[in-house]
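Each remark here refers to the structure printed beneath this line.
Numbering (our numbering), first residue to last: 1 to 126.
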């Protein structure tokens, strides 16, 4: 039994909350909101690594049974790794212009939605 389905929802929720709080904080700045968004981002990003590792292990351990779904698996992997990369830049905490940070969070939200959809397709097919 794979741990990936259980491990993946925590980072999804935290990264979404982080992006939503950050975007809200741009409209109505509040120090505590920024701190909460930052912690959600950090914990969400690190837990996304755990989700990625459990996903890689799940594919490796069941490769013979899921070989026919390789296109879906690879698509999900590319989108998910792109998601990790987008949020990694935010975790680094290096200052970004407000507009660049907003775009990065919006791209992150889009990648979360796409990765979730691809993951759902995979779970139906496997």
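Here a beta-carbon is modelled for each residue, glycine too, at the ideal position from N, C-alpha and C.
All of these numbers come straight from a predicted model, not from anything done at the bench.
{"Item": "What does a CB cutoff of less than 7 Å around residue 17 pick up in its chain, not counting 5 residues either side in sequence?", "Value": "40"}
{"Item": "Go through the stretch 11 to 79 residue by residue and report every complete run of the beta strand (DSSP E) that reaches 3 residues or more, in order.", "Value": "none"}
{"Item": "Would you report the Cα separation of residue 99 and residue 38, rounded to the nearest angstrom?", "Value": "18 Å"}
{"Item": "What are the start and end residues of the alpha helix (DSSP H) that includes residue 108?", "Value": "98 to 125"}
{"Item": "For residue 95, which three-state DSSP category applies?", "Value": "coil"}
{"Item": "Any chance the stretch 47 to 62 sits against the stretch 5 to 15, with 3 or more Cβ pairs inside 8 Å?", "Value": "yes"}
{"Item": "What does the Cβ neighbour count give for residue 86, buried or exposed, with the cut at 16 atoms within 10 Å?", "Value": "buried"}
{"Item": "I need the straight-line Cα distance from residue 107 to residue 64, nearest angstrom please.", "Value": "34 Å"}
{"Item": "Go through its chain and collect everything with a Cβ distance to residue 82's Cβ below 8 Å, but skip five positions before and after it.", "Value": "111"}
{"Item": "Measure the C-alpha to C-alpha separation of residue 97 and residue 90 and round it to an integer number of angstroms.", "Value": "12 Å"}
{"Item": "Quick one: what's got a C-beta closer than 8 Å to residue 79's C-beta in the same chain, skipping five residues either side?", "Value": "111, 114, 115, 118"}
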